[in-house]
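Asks: In order, the protein sequence lines correspond to chains Z and P.
Residue numbers for the first sequence follow this note's numbering, so the first one is 136 and each next one is one higher.
Residue numbers for the second sequence follow this note's numbering, so the first one is 136 and each next one is one higher.
There are 2 protein chains.
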Amino acid sequence: MSAGGPCGGPVPGDGPVTVLYDKVALIGLGLIAGSMSLAMRRAGLAGSITGYARSAETRAVAVEIGLVDHVCDTAAEAAKDADLVVLCVPVGAMEAMARDIAPVLKPGCTVSDVGSVKRAVIAAVGPHIPEGVHFIPAHPLAGTEHSGPRSGFAELFDNRWCILVPDGADRAATDRLRALWEGMGSFVEEMDADHHDLVLAVTSHTPHLIAYTMVGVADDLQRVTDSEVIKFSAAGFRDFTRIAASDPTMWRDVFLTNKDATLEILGRFTEELFALQRAIRTGDGDHLHAYFTRTRAVRRGIIDAGQDTAAPNFGRTPVPKG
Amino acid sequence: MSAGGPCGGPVPGDGPVTVLYDKVALIGLGLIAGSMSLAMRRAGLAGSITGYARSAETRAVAVEIGLVDHVCDTAAEAAKDADLVVLCVPVGAMEAMARDIAPVLKPGCTVSDVGSVKRAVIAAVGPHIPEGVHFIPAHPLAGTEHSGPRSGFAELFDNRWCILVPDGADRAATDRLRALWEGMGSFVEEMDADHHDLVLAVTSHTPHLIAYTMVGVADDLQRVTDSEVIKFSAAGFRDFTRIAASDPTMWRDVFLTNKDATLEILGRFTEELFALQRAIRTGDGDHLHAYFTRTRAVRRGIIDAGQDTAAPNFGRTPVPKG
């Protein structure tokens, strides 16, 4: 790895092009796989990229827009001879994919994934990985509320973190995968699966569940019309609707497979919510003010760390009048 | 009013300039008052604009940046001879301001406000309004997580809704205030105070409380460090931190004064959250998938109504690398 990039990795488009894997296979062709393909091309990290998606429609779109170099009709066909196979399907579909590709995996190749939970993926995929193949789970903390093969873009991972869960995997293979993610623009951190699942329950899974809940409640009220909810959403609610527009299958699988950590954080959340609710009921303004002051500092930290824009309202593009 | 604008109002910068009020007084010089001053100037809606803020520092900044035409040292001085006085202070400070300005109010003038709750503002301000003065509460549904005199901008109200709560006020005076908000770029709707407070509990107050709670929980966990929360926030959490960075005093007052409606919606929220929590615990993927699918439609409605951008991640400006 050349110096100068994040965590010592290469700066995309700034150093010599290094092909890290001759053949990469992406199993699944949604937002993350599509963005990976575009980000790998941007930095010249892969010799060639094959892809597979279960849906014929998705495969047709991927061919139409040239999302990968070759679109295959089966996962095994895509994974054959690959130096890196990345499972980019919802967590609940990972085991079936691992079973399909296992017989064709090349000795010495690396299998990774991009699932939002790691303990469950290891349990589902691990047993299918043949001897001599490196299994290194990964999770890029990047995404949007859009999904499908047309939603990817090369910049998705720039300045975002990718967590690797090597769990004792070969060091050289791990370093190569690390270099790939750095080459796609990410910062990389390694941690164990349980800690990953707890951290993500806090920074992602519980916030998503809460957003889904709030949007469902608003949609369901009899005394406030849907039209009112929509027109008056700029007062705060619309931010929740973005999160609650994420892919339903992916998120169903996240909650089913990161049950314990999500329920733990949800328990802490409701405990705290009830304390604030009691402060409202009893008119304890000091408690509310102190709580609301403390949370401001977290925002500052995120902006200073380059993880969000400081522009008001996220610098939303103004909507044309009328 | 000329035709062609939202709700039949004038299109800013597109029709003849009409001064709607010779003298406007803004009591409070934060985000909303500052944006009102800039929006009124943009469309030439006010002959002159005076302003008052309790804090000497805020007044000094307002003078320095020329936020209004005259900055006064007392609310009464600012309100004297005004044709329109707008209370732009936290809800908890409205009564004291109304008491201060009551003796100087010009017969026939209009008093309004921009508070986030309406029933409590009517109860606090109404009794101080002299005979012959029009009191027409208002609430522009626009804002950002920033506050203070430097945070205002002329476009804040463009395409956003402003709710008027005339409650039997003089029709001509109400229409004039309506034209002012339309001239500042808003759409205008009229409703009664209780319905306003319920609608806002759904679209704003409860979402804010939930966001504050989630950010507080994340900040408080022992097993996940603040640094991890910040680095990995892009997975969803960072959207909550924006809302939870809003002005603590304003929001304390909102919850203390819109207690009943907020507690009602919070009750519905926790009921629904517990149902989803049970679905997670029992592994009921169908319930989760159906719920997550339904909420996608709400987002679509908001985008179609021009109340948010369709760009992924709100079209956030990419943060420069490194």
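Glycine residues also receive a C-beta, built at the ideal position from the N, C-alpha and C atoms.
1) Please confirm if residue 313 (chain P) has its CB atom under 9 Å from at least one CB of chain Z.
2) Nearest to residue 331 (chain P) by alpha carbon, out of P:282, P:367, P:396 and P:376?
3) If we ignore side chains and look at the alpha-carbon of each, how far apart do residue 259 (chain Z) and residue 170 (chain P) end up?
4) Check whether chain Z comes within 9 Å of residue 345 (chain P), counting only Cβ atoms and requiring the distance to be less than that.
5) Let me check understanding here. Comparing Cα to Cα, which of P:404, P:376, P:446 and P:399 lies closest to residue 428 (chain Z)?
6) If we call anything under 9 Å between Cβ atoms a contact, is residue 191 (chain Z) one with residue 154 (chain Z)?
7) Assign residue 321 (chain P) to one of three DSSP states: helix, strand, or coil.
8) Between which residues of its own chain and residue 295 (chain P) is the CB-CB distance below 7 Å, once the five residues before and five after are set aside?
9) Find out if the Cβ-Cβ distance for the pair residue 261 (chain Z), residue 243 (chain Z) is shorter than 9 Å.
10) Check the Cβ-Cβ distances between residue 284 (chain P) and every residue of chain Z, and say whether any is below 9 Å.
11) At a Cβ threshold of 9 Å, is residue 142 (chain P) touching chain Z?
12) Does DSSP put residue 268 (chain Z) in a helix, a strand or coil?
13) Using beta carbons (cut-off 9 Å, strictly below), is residue 242 (chain P) in contact with chain Z?
14) Report the rounded CA-to-CA distance for residue 409 (chain Z) versus residue 450 (chain P), giving the unit in angstroms.
15) Report the neighbours of residue 193 (chain Z) on chain P: residues whose CB is nearer than 7 Å to its CB, in chain order.
16) Give the list of continuous alpha helix (DSSP H) stretches no shorter than 4 residues that lie fully inside the segment 246 to 307 of chain P.
17) Taking 9 Å as the threshold (beta carbon to beta carbon), is residue 316 (chain Z) in contact with chain P?
18) Residue 186 (chain Z) by DSSP, collapsed to three states: which one?
19) Taking residue 164 (chain P) as the reference, which of P:422, P:202 and P:443 has the closest Cα?
20) Just to confirm, are residue 289 (chain Z) and residue 177 (chain Z) a CB contact at a threshold of 9 Å?
21) Verify whether the separation of the beta carbon atoms of residue 254 (chain P) and residue 420 (chain Z) is less than 9 Å.
22) Pick out whichever of Z:319, Z:214, Z:350 and Z:225 has its Cα sitting closest to the Cα of residue 411 (chain P).
23) Alpha carbon to alpha carbon, what distance is there between residue 251 (chain Z) and residue 304 (chain Z)?
24) Roughly how many angstroms separate the alpha carbons of residue 425 (chain P) and residue 339 (chain P), rounded to a whole number?
25) Bridge partners of residue 219 (chain P), per DSSP?
26) Please report the straight-line C-alpha distance between residue 323 (chain Z) and residue 423 (chain Z), rounded to a whole angstrom.
27) Report yes or no: do three or more beta-carbon pairs, one from the segment 434 to 444 of chain Z and one from the segment 369 to 384 of chain Z, lie closer than 8 Å?
28) Could you have a look at residue 364 (chain Z) and say whether DSSP puts it in helix, strand or coil?
29) Just to confirm my understanding: we take residue 361 (chain P), look at its own chain, exclude 5 residues before and 5 after, and list those with CB closer than 7 Å. What are they?
30) In or out: residue 193 (chain Z) buried (at least 16 other Cβ within 10 Å) or exposed?
31) Among the residues of its own chain, which have a CB less than 6 Å from the CB of residue 211 (chain Z), if the five just before and after it don't count?
32) Within its chain, find whatever has a CB closer than 6 Å to the CB of residue 230 (chain P); leave out the 5 residues flanking it on each side and keep chain order.
33) With a CB to CB cut of under 7 Å and the five nearest residues on each side skipped, what residues in its chain are close to residue 215 (chain P)?
34) Mind checking if residue 161 (chain Z) is an interface residue toward chain P, Cβ cutoff 9 Å exclusive?
35) Could you check which residue in P:441, P:405, P:185 and P:199 has the C-alpha nearest to that of residue 341 (chain P)?
Replies: In short, the structure shows the following:
1) For the purposes of this step, residue 313 (chain P) is taken as residue 178 along the second sequence, with counting starting at 1. No - not a single Cβ of chain Z is within 9 Å of the one on residue 313 (chain P).
2) As a position in the second sequence, residue 331 (chain P) is number 196, starting the count at 1. When each option's Cα is compared against that of residue 331 (chain P), the closest is P:396.
3) Walking along the first sequence from the start, residue 259 (chain Z) turns up at place 124. Walking along the second sequence from the start, residue 170 (chain P) turns up at place 35. Using only the alpha carbons, I get a separation of about 55 Å.
4) Within the second sequence, numbered from 1, the residue matching residue 345 (chain P) stands at position 210. Nearest CB-CB separation between residue 345 (chain P) and chain Z: below the 9 Å threshold.
5) Start at 1 with the first residue of the first sequence, and residue 428 (chain Z) comes out as number 293. Checking every option, the nearest Cα to that of residue 428 (chain Z) belongs to P:376.
6) Here residue 191 (chain Z) is taken as the residue at index 56 of the first sequence, counted from 1. Here residue 154 (chain Z) is taken as the residue at index 19 of the first sequence, counted from 1. Between residue 191 (chain Z) and residue 154 (chain Z), the CB-CB gap reaches or exceeds 9 Å.
7) By 1-based counting over the second sequence, the position of residue 321 (chain P) is 186. In the structure shown, the three-state DSSP call for residue 321 (chain P) is coil.
8) Position 160 of the second sequence, counted from the start, is the residue given in the question as residue 295 (chain P). Listed in chain order, the non-local C-beta contacts of residue 295 (chain P) below 7 Å within the same chain comprise 275, 276, 277 and 321, local neighbours out to five positions each way being set aside.
9) Position 126 of the first sequence holds residue 261 (chain Z). Position 108 of the first sequence holds residue 243 (chain Z). Taking the C-beta atoms as reference points, residue 243 (chain Z) is found no nearer than 9 Å to residue 261 (chain Z).
10) Walking along the second sequence from the start, residue 284 (chain P) turns up at place 149. Closer than 9 Å to the CB of residue 284 (chain P) there is not a single CB belonging to chain Z.
11) Counting from 1 along the second sequence, the entry for residue 142 (chain P) is found at position 7. Summary for residue 142 (chain P): the model assigns pLDDT 37, below 50, so the residue's position carries little reliability; its value from the coordinates is reported in the next sentence. No, its Cβ sits nowhere closer than 9 Å to a Cβ of chain Z.
12) For the purposes of this step, residue 268 (chain Z) is identified with residue 133 of the first sequence, where counting begins at 1. Looking at residue 268 (chain Z) - three-state DSSP - the assignment turns out to be coil, as it is neither helix nor strand.
13) Here residue 242 (chain P) refers to the residue found at position 107 when the second sequence is read from its first residue. No, because no Cβ of chain Z sits closer than 9 Å to the Cβ of residue 242 (chain P).
14) Within the first sequence, the letter at position 274 stands for residue 409 (chain Z). Within the second sequence, the letter at position 315 stands for residue 450 (chain P). Cα to Cα, the separation comes out at about 34 Å.
15) Here residue 193 (chain Z) corresponds to residue number 58 of the first sequence, with the count starting at 1. Chain P residues near residue 193 (chain Z): none, gap ~18 Å exceeds 7 Å.
16) Within the segment 246 to 307 of chain P, the complete alpha helix (DSSP H) segments of 4 residues or longer fall at 254 to 260, listed in chain order.
17) Counted from its first residue, the first sequence places residue 316 (chain Z) at position 181. For residue 316 (chain Z), the answer is no, since every Cβ of chain P falls outside 9 Å of its Cβ.
18) What you label residue 186 (chain Z) is simply residue 51 of the first sequence in a count that begins at 1. If DSSP states are grouped into helix, strand and coil, residue 186 (chain Z) belongs with the strands.
19) Walking along the second sequence from the start, residue 164 (chain P) turns up at place 29. Of the listed residues, the one whose Cα sits closest to residue 164 (chain P) is P:202.
20) Position 154 of the first sequence, counting from 1, holds the residue named residue 289 (chain Z). Position 42 of the first sequence, counting from 1, holds the residue named residue 177 (chain Z). For the pair residue 289 (chain Z) and residue 177 (chain Z), the CB atoms are nearer than the 9 Å cut-off.
21) Your numbering for residue 254 (chain P) matches position 119 in the second sequence. Your numbering for residue 420 (chain Z) matches position 285 in the first sequence. With contacts defined by Cβ atoms closer than 9 Å, residue 254 (chain P) and residue 420 (chain Z) do not form a contacting pair.
22) To locate residue 411 (chain P), count along the second sequence from 1; it is residue 276. Considering only alpha carbons, the answer is Z:350.
23) Here residue 304 (chain Z) is taken as the residue at index 169 of the first sequence, counted from 1. Here residue 251 (chain Z) is taken as the residue at index 116 of the first sequence, counted from 1. For residue 304 (chain Z) and residue 251 (chain Z), the gap between their C-alpha atoms comes out near 20 Å.
24) Taking the second sequence and counting its residues from 1, one reaches residue 425 (chain P) at position 290. Taking the second sequence and counting its residues from 1, one reaches residue 339 (chain P) at position 204. Put simply, the backbone Cα of residue 425 (chain P) is about 25 Å away from that of residue 339 (chain P).
25) Translated into the one-based positions of the second sequence, residue 219 (chain P) becomes position 84. Secondary-structure assignment with DSSP links residue 219 (chain P) through a beta bridge to P:159 and P:245.
26) As a first step, residue 323 (chain Z) must be located in the first sequence, where it is residue number 188. As a first step, residue 423 (chain Z) must be located in the first sequence, where it is residue number 288. Using only the alpha carbons, I get a separation of about 37 Å.
27) Cβ pair count under 8 Å is below three, so no.
28) Translated into the one-based positions of the first sequence, residue 364 (chain Z) becomes position 229. Residue state, collapsed to three classes: helix.
29) As a first step, residue 361 (chain P) must be located in the second sequence, where it is residue number 226. Here the set comprises 354.
30) The count along the first sequence starts at 1 and reaches residue 193 (chain Z) at position 58. Residue environment analysis places residue 193 (chain Z) among the buried positions, since at least 16 neighbouring C-beta atoms fall within 10 angstroms of its C-beta.
31) Taking the first sequence and counting its residues from 1, the one referred to as residue 211 (chain Z) is at position 76. The residues are 235, 236 and 239.
32) On the second sequence, residue 230 (chain P) is found 95 positions in, with the first residue counted as 1. Counting only Cβ-Cβ distances below 6 Å, and skipping sequence neighbours, we find 259.
33) Counted from its first residue, the second sequence places residue 215 (chain P) at position 80. Non-local C-beta neighbours of residue 215 (chain P) in its own chain, meaning closer than 7 Å and more than five positions away in sequence, comprise 239, ordered along the chain.
34) What you label residue 161 (chain Z) is simply residue 26 of the first sequence in a count that begins at 1. Residue 161 (chain Z) does not count as touching chain P.
35) Here residue 341 (chain P) corresponds to residue number 206 of the second sequence, with the count starting at 1. Of P:441, P:405, P:185 and P:199, the smallest CA-CA separation from residue 341 (chain P) is found for P:405.
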